[in-house]
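**Student:** This is the structure I want to talk about, given as structure tokens.
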Amino acid sequence: MNVHETEVRARALGLLRSGSKNADVARELSVPVGTIGYWKHLDRAKRGECPGRHDPKCPRCDGRGLDEPAYSYLLGLYLGDGHISHYSAHRVPNLMVTCGESWPGLLDECELAMRTVFPDNSVCQVRRTGCRNVKVYSKHLECLFPQHGPGKKHERAIVLEPWQQAIVDAHPWEFIRGLIHSDGCRITNWPTRLVAGERKRYEYPRYFFSNKSDDIRKLFSYALDSVGVEWTTLARGSDPFNISVARKASVALMDTHVGPKH
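Numbering (my numbering), first residue to last: 26 to 287.
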């Protein structure tokens, strides 16, 4: 290290120790921000100020407590619009749930569920065109979501493990909400019928859940049965991808515990 670099580094460390941000120091001294960060790390290590290794505990591996209602909701979101991936440049995999920006309440609920299930991990939102990806990184994702595997969900078996089924059985409405908030919706139907020879239009609300996976639809319908919600299957062409909830009493139950996306 030459004299000039030694002087610049000393000035940088002085600014950093006084509380200046890495980017501000880099800008003032015309040094790459990565270099500033490296100098700061070495300085903190030399002074014994580096934090310990970040090693969040896992409910499955280490017996850490798990917020079951939040997990049941997040499991529903994952089975609908979520997936787990592991990029080669990252040390650990990430769980990502894609949410439309037109439903800010859903974005907030998804992020809160992730933070609650993974209290020691960072959660972020990545903006994309018309949507945001809500993400959390953890090396224990496959412990909590063993349904992860190669290929698309509807092309492989999706079966809950006994401990997952026990959570869903204890918190079915959270699971239903997660599935509706991912692959479902609440709409108003506007059909017509003949009344005294005159065609009149009337309206009624209904819920739809659409998913290509037979297994995921079965999990959804099983949860509906457990809370007393009546449902029917509607085919799209020859494919029974849609589950409909249209009876007045069942819609009222769904409105009480689920409600429309917001």
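We put the beta carbon where it would ideally sit given N, CA and C, even for glycine.
Please give me, in chain order, every unbroken run of the beta strand (DSSP E) with length at least 3 that falls completely inside the region 209 to 238.
**Tutor:** Correct list: 209 to 214, 217 to 220, 223 to 226 and 229 to 235.
**Student:** Between the Cα of L259 and those of Q172, Y232 and E126, spot the shortest distance and give me the residue it belongs to.
**Tutor:** Position 234 of the sequence shown, counted from the first residue, corresponds to residue 259. Out of Q172, Y232 and E126, Y232 has the C-alpha closest to the C-alpha of L259.
**Student:** Quick check on the DSSP output: the beta strand (DSSP E) that includes C135 runs from which residue to which?
**Tutor:** Translated into positions along the sequence shown, residue 135 becomes position 110. C135 -> not in any beta strand (DSSP E); alpha helix (DSSP H) instead, spanning P129 to V142.
**Student:** Quick one: Cα of H287 to Cα of G209, how far?
**Tutor:** For the purposes of this step, residue 287 is identified with residue 262 of the sequence shown, where counting begins at 1. For the purposes of this step, residue 209 is identified with residue 184 of the sequence shown, where counting begins at 1. Each residue's Cα considered, the two are about 13 Å apart.
**Student:** Leaving out five residues on either side along the sequence, give the residues of the same chain with a beta carbon under 6 Å from the beta carbon of F200.
**Tutor:** Locating residue 200 in the sequence shown gives position 175, counting from the first residue. The residues are S97, G101, V193 and A248.
**Student:** Could you tell me which of R36, K164 and L99 sits nearest to D80, measuring between CA atoms?
**Tutor:** The residue labelled residue 80 in the question sits at position 55 within the sequence shown. The candidate whose alpha carbon is nearest that of D80 is K164.
**Student:** Considering just the uninterrupted stretch of the beta strand (DSSP E) at Y162, what are its terminal residues?
**Tutor:** The residue labelled residue 162 in the question sits at position 137 within the sequence shown. Here the beta strand (DSSP E) through Y162 covers C156 to Y162.
**Student:** Taking 8 Å as the cut-off, decide whether the C-beta atoms of S275 and E255 are in contact.
**Tutor:** For the purposes of this step, residue 275 is taken as the residue at position 250 of the sequence shown. For the purposes of this step, residue 255 is taken as the residue at position 230 of the sequence shown. Their beta carbons are under 8 Å apart, which means S275 touches E255 by this criterion.
**Student:** Which value, in whole angstroms, describes the spacing of the CA atoms of T281 and I212?
**Tutor:** Residue numbering aside, residue 281 sits at position 256 when the sequence shown is read from its first letter. Residue numbering aside, residue 212 sits at position 187 when the sequence shown is read from its first letter. If I take the Cα positions, the gap works out to 15 Å.
**Student:** Using the DSSP secondary-structure output, state which residues sit across from T257 in a beta bridge.
**Tutor:** Translated into positions along the sequence shown, residue 257 becomes position 232. Looking at the DSSP assignment, T257 forms a beta bridge with S269.
**Student:** Give me the Cα-Cα distance between H108 and E93, rounded to the nearest whole angstrom.
**Tutor:** Counting from one through the sequence shown, the residue named residue 108 turns up at place 83. Counting from one through the sequence shown, the residue named residue 93 turns up at place 68. Each residue's alpha carbon lies about 20 Å from the other.
**Student:** Considering Cα atoms alone, identify which of D240, I205, L219 and R224 is closest to A270.
**Tutor:** Taking the first residue of the sequence shown as 1, we reach residue 270 at position 245. Checking the displayed sequence, the identity of residue 270 turns out to be Val instead of Ala. Closest option to V270, Cα to Cα, is I205.
**Student:** Judging by CA-CA distance, which residue of R34, K71 and D68 is the nearest neighbour of V56?
**Tutor:** Numbered from 1 along the sequence shown, position 31 holds the residue referred to as residue 56. Considering only alpha carbons, the answer is R34.
**Student:** What is the rounded straight-line gap between the Cα of A51 and the Cα of V184?
**Tutor:** The count along the sequence shown starts at 1 and reaches residue 51 at position 26. The count along the sequence shown starts at 1 and reaches residue 184 at position 159. Near 52 Å, if we compare the C-alpha coordinates of V184 and A51.
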